[in-house]
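Peer 1: First, the structure itself, so that you have it in front of you.
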Amino acid sequence: MYSDFKIIKTTSPKSRPDQNNLGFGKYFTDHMFIMDYTEGKGWHDPRIVPYGPLPLEPSTMVLHYGQAIFEGLKAYKAKDGSIQLFRPYKNMERINISNTRMCIPQIDPETCVRAVKAIVDTDRDWIPTAEGTSLYIRPFIFATDAYLGVKPSSTYKFMIIMSPVGAYYPQGINPVKIYVESKYVRAVKGGTGFAKTPGNYASSIKAQMEAYEKGYIQVLWLDGIERKYIEEVGSMNVFFKINGEIITPSLEGSILAGITRDSSIFLLKKWGYKVTERRISIDEIFTAHKNSALEEAFGTGTAAVISPIGELNRDGNSIIINNNEIGPTSMNLYNTITGIQSGTVKDEAGWIEKV
Ligand SMILES: *Cc1c(COP(=O)(O)O)cnc(C)c1O
Numbered sequence: 252m253y254s255d256f257k258i259i260k261t262t263s264p265k266s267r268p269d270q271n272n273l274g275f276g277k278y279f280t281d282h283m284f285i286m287d288y289t290e291g292k293g294w295h296d297p298r299i300v301p302y303g304p305l306p307l308e309p310s311t312m313v314l315h316y317g318q319a320i321f322e323g324l325k326a327y328k329a330k331d332g333s334i335q336l337f338r339p340y341k342n343m344e345r346i347n348i349s350n351t352r353m354c355i356p357q358i359d360p361e362t363c364v365r366a367v368k369a370i371v372d373t374d375r376d377w378i379p380t381a382e383g384t385s386l387y388i389r390p391f392i393f394a395t396d397a398y399l400g401v402k403p404s405s406t407y408k409f410m411i412i413m414s415p416v417g418a419y420y421p422q423g424i425n426p427v428k429i430y431v432e433s434k435y436v437r438a439v440k441g442g443t444g445f446a447k448t449p450g451n452y453a454s455s456i457k458a459q460m461e462a463y464e465k466g467y468i469q470v471l472w473l474d475g476i477e478r479k480y481i482e483e484v485g486s487m488n489v490f491f492k493i494n495g496e497i498i499t500p501s502l503e504g505s506i507l508a509g510i511t512r513d514s515s516i517f518l519l520k521k522w523g524y525k526v527t528e529r530r531i532s533i534d535e536i537f538t539a540h541k542n543s544a545l546e547e548a549f550g551t552g553t554a555a556v557i558s559p560i561g562e563l564n565r566d567g568n569s570i571i572i573n574n575n576e577i578g579p580t581s582m583n584l585y586n587t588i589t590g591i592q593s594g595t596v597k598d599e600a601g602w603i604e605k606v
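Quick note: the sequence shown uses our numbering, first residue 252, plus one each step.
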């Protein structure tokens, strides 16, 4: 079916992990996709090979200067046995936005989607079917020149690896505790916040660890200049429902344009909500809470899909949102998006790509 890619099948398939104990990103399928870039030649030699280690020179540029980008999406097996991808073209368009920022050459989105379909097809029996599970797909590109100088690499690899993952919330979807970060910042305008690039994550781990020690699962990032306006939560975009209106930070260069964010805005508008994308300060949230106007808060992202926020702590001052319960808007979004992804809810917007 995808015979334009060379496929070398593994001779020693791995045993499948227990579907009820997958966790996230722990197990990897039997195969991986690789394509090389060479200056003057472009992207070439797309191939599917057995999953395994890569031989790399210690001087490989990505290890020193971090010139790399990545993506994340999921494949689901529908009840009728067909395989569904959720808005994969959006991910592949975003690859090129990240590439531009990181001086990585552009890549053809159509080829990338085809590559995803080919690798998913090759490892189709790795897609878990237990409730809430899926196959997480991780495309990424990194600089491969063996050279110790700061410049754009002249060679790259585009790869796709895949991991069967469990329900993000084994106990069902539950509100999370979030720490409002006042010491560290994630990104500033002019920086790399809008690109999906590993360095953004490397620099966020410290804040996450400190929040974790205080009993919080993630941090809410504020803007890097005034430490006043809300940006996003860990690796999720964030939404607030205040007096019936849905508000989410506008995309102004420092936050990531999430596909779950985009899908949520589309659905909320379709359901008749007023949805506003604008700068929103943390003070506004705490004031809305004081006036009993803050009805819901939730994060959006591919991994958890919708993550209700039950508590926000700012400098030791804690607010509990919606009684620490999942609100109706968050619940509807979660059920609708996961329903479309797994094929139990009609895909009216044409978001599903079959493999
Ligand atoms: C990937 C990511 C998101 C969520 O994007 P989705 O496309 O919805 O998965 C949000 N914020 C950051 C920083 C991310 O890296």
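Ideal placement from N, C-alpha and C gives every residue a C-beta, glycine not left out.
Just to confirm before moving on: does the CB-CB distance between Leu324 and Leu307 stay below 8 angstroms?
Peer 2: No, the Cβ-Cβ distance between Leu324 and Leu307 is not below 8 angstroms.
Peer 1: May I have the straight-line CA-CA distance separating Trp377 from Val556, to the nearest angstrom?
Peer 2: Answer to the nearest angstrom: the Cα atoms are 21 angstroms apart.
Peer 1: What are the start and end residues of the beta strand (DSSP E) that includes Met283?
Peer 2: Per DSSP, Met283 belongs to the beta strand (DSSP E) from 282–289.
Peer 1: Find the nearest neighbour of Lys479 within the set Asp534, Glu528, Gly504, Pro426, judged by alpha-carbon distance.
Peer 2: Selected option, being the one with the closest Cα: Asp534.
Peer 1: From Phe279 to Val606, what does the alpha carbon distance come to, in whole angstroms?
Peer 2: About 19 angstroms.
Peer 1: Hey, which unbroken runs of the alpha helix (DSSP H) at 4 residues or more fall wholly within the segment 493–557?
Peer 2: Segments of the alpha helix (DSSP H) lying fully in the segment 493–557: 510–521, 533–541.
Peer 1: So for Lys457, helix, strand or coil by DSSP?
Peer 2: Note: Lys457 maps to helix in three-state DSSP.
Peer 1: Apply the 10 Å Cβ neighbour rule to Ala453 and answer buried if 16 or more other Cβ atoms are within range, or exposed otherwise.
Peer 2: With fewer than 16 other Cβ atoms within 10 Å, it is exposed.
Peer 1: Here's the rule I'm using: 16 or more other beta-carbon atoms within 10 Å means buried, otherwise exposed. How should His295 be labelled?
Peer 2: Exposed is the call here.
Peer 1: Tell me whether Cys363 is buried or exposed, calling it buried when 16 or more other Cβ atoms sit within 10 Å of its Cβ.
Peer 2: By the 10 Å Cβ count, Cys363 comes out buried.
Peer 1: Kindly identify the DSSP beta-bridge partner or partners of Arg565.
Peer 2: Answer is Asn568.
Peer 1: With respect to the alpha helix (DSSP H) encompassing Met487, which residues constitute its N-terminal and C-terminal limits?
Peer 2: Neither: Met487 is in no alpha helix (DSSP H) and is coded neither H nor E.
Peer 1: What distance in whole Å lies between the Cβ atoms of Thr395 and Thr261, which are believed to be in contact at a cut-off of 8 angstroms?
Peer 2: Going by Cβ atoms, the distance from Thr261 to Thr395 rounds to 24 angstroms, so no, they are not a contact pair.
Peer 1: Which runs of the beta strand (DSSP E) fall wholly inside the segment 280–348 and span at least 3 residues, in chain order?
Peer 2: Qualifying beta strand (DSSP E) stretches, in chain order: 282–289, 293–301, 319–321, 324–328, 334–337.
Peer 1: Between Thr443 and Asn350, what straight-line distance do the alpha-carbon atoms span, to the nearest angstrom?
Peer 2: Near 11 angstroms, if we compare the C-alpha coordinates of Asn350 and Thr443.
Peer 1: What is the residue span of the alpha helix (DSSP H) that Ile411 lies within?
Peer 2: Unbroken run through Ile411 is the beta strand (DSSP E), 406–416; no alpha helix (DSSP H).
Peer 1: Quick check: the segment 518–525 against the segment 577–597, are at least 3 beta-carbon pairs closer than 8 angstroms?
Peer 2: The segment 577–597 vs the segment 518–525: in contact.
Peer 1: I need the straight-line Cα distance from Val427 to Ile560, nearest angstrom please.
Peer 2: Roughly 5 angstroms between the two C-alpha positions.
Peer 1: Pro297 to Pro339, Cα distance in whole Å?
Peer 2: One C-alpha to the other measures close to 19 angstroms.
Peer 1: If you count every other CB in all the chains shown that lies within 10 Å of the CB of Ser593, and 16 or more means buried, which is it?
Peer 2: Counting Cβ neighbours within 10 Å, Ser593 comes out buried, since at least 16 surround it.
Peer 1: Note down, one range per segment and in chain order, each beta strand (DSSP E) of at least 3 residues found wholly within the segment 570–606.
Peer 2: Counting whole runs of 3 or more residues, the segment 570–606 contains the beta strand (DSSP E) stretches 603–605.
Peer 1: In the DSSP assignment, find the unbroken alpha helix (DSSP H) run with Ile259 in it and report its ends.
Peer 2: No alpha helix (DSSP H) contains Ile259, which DSSP labels as neither H nor E.
Peer 1: Can you tell me whether Asn488 sits near ligand 1, meaning its C-beta is under 7 angstroms from at least one heavy atom of the ligand?
Peer 2: Yes, ligand 1 has a heavy atom inside 7 angstroms of this Cβ.
Peer 1: Just curious, the beta strand (DSSP E) that Arg389 is in, first and last residue?
Peer 2: Counting along the chain, the beta strand (DSSP E) containing Arg389 begins and ends at 385–394.
Peer 1: Around the Cβ of Thr380, are there at least 16 other Cβ atoms within 10 angstroms (buried) or fewer (exposed)?
Peer 2: Burial call: exposed.
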